[in-house]
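**Q** In UniProt numbering, the protein residues as written are 1 to 164. Every residue, glycine too, gets a C-beta built ideally from N, C-alpha and C.
(1) Using a 10 Å radius around the Cβ and a threshold of 16 neighbouring Cβ atoms, would you call residue 90 buried or exposed?
(2) Using a threshold of 8 Å, state whether the C-beta atoms of residue 81 and residue 153 are closer than that.
(3) Under the rule that 16 or more other beta-carbon atoms within 10 Å means buried, what is residue 127, buried or exposed?
(4) Work out the CA separation of residue 48 and residue 22 for me, nearest whole Å.
(5) Give the range of the alpha helix (DSSP H) segment to which residue 120 is assigned.
(6) Assign residue 145 to one of two classes, buried (16 or more other C-beta atoms within 10 Å of its C-beta) or exposed (fewer than that).
(7) Three-state secondary structure (DSSP) at residue 79?
(8) Can you tell me whether residue 149 is buried or exposed, with buried defined as 16 or more other CB within 10 angstroms of its CB?
(9) Rounded to the nearest angstrom, what separates residue 165 and residue 123 at their Cα positions?
(10) Does the stretch 30-45 come close enough to the stretch 101-121 to have 3 or more Cβ pairs within less than 8 Å?
(11) Taking residue 97 as part of the beta strand (DSSP E), name the residues at either end of that continuous run.
(12) Is DSSP giving residue 125 helix, strand or coil here?
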């Protein structure tokens with residue numbers, strides 16, 4: 001991992017874009033970010049084994065490119081709208097707002113991993129592979145979570161004029 005690249009100022013401190021150059025996830029930045037979401041207690045090598053063995057399970061089950069299945073799963077889980085609390089005149093309103101692409105991707109990653117951890121299969125790689133397969137087919141708890149978030153935003157459409 002090298003710290004080359006874009007320098008950007010954020011609150012008077014320089015942040016660096018991290019380029020993944022010495023890793024199989026080089027091909028796809030989303031996979032590298034997903035590995036970081038799967039990681040617990042800083043054990044990146046364990047997280048990489050989980051993700052890449054889940055990809056192997058997916059390729060065995062579907063005879064398809066696991067990266068395409070992964071991208072389809074993420075696309076199906078990403079929320080377009082969410083509700084945020086806004087205080088107006090002493091009462092809180094749930095205001096529906098569009099979700100930025102970075103946030104929607106982060107939410108999709110978190111939901112996929114979170115609901116994979118709750119699945120009944122024996123190993124995490126099996127749970128993650130099955131949750132990704134379900135999400136790619138518009139099933140599973142992660143997709144249900146996205147639908148619930150969209151329903152909540154739709155139900156609170158009346159407060160959309162409180163958007164800031």
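**A** Looking at the coordinates:
(1) Classification for residue 90: exposed.
(2) Yes, the pair counts as a contact, with Cβ atoms nearer than the cut-off.
(3) Buried, by the Cβ-count rule.
(4) Caution applies to residue 22, whose pLDDT of 49 falls short of 50 and renders its modelled position unreliable; the model cannot decide the point.
(5) Per DSSP, residue 120 belongs to no alpha helix (DSSP H) and is neither H nor E.
(6) Burial of residue 145 is indicated by the presence of at least 16 other C-beta atoms within 10 angstroms of its C-beta.
(7) Here residue 79 sits in coil by DSSP.
(8) By the beta-carbon neighbour count (other beta carbons within 10 angstroms, threshold 16), residue 149 is buried.
(9) Shown here, the chain extends from 1 to 164; a query on residue 165 therefore has no answer.
(10) Result yes; three or more Cβ-Cβ pairs closer than 8 Å.
(11) Segment 91-98, the beta strand (DSSP E) holding residue 97.
(12) In the structure shown, residue 125 sits in a helix (DSSP, three-state: H, G or I).
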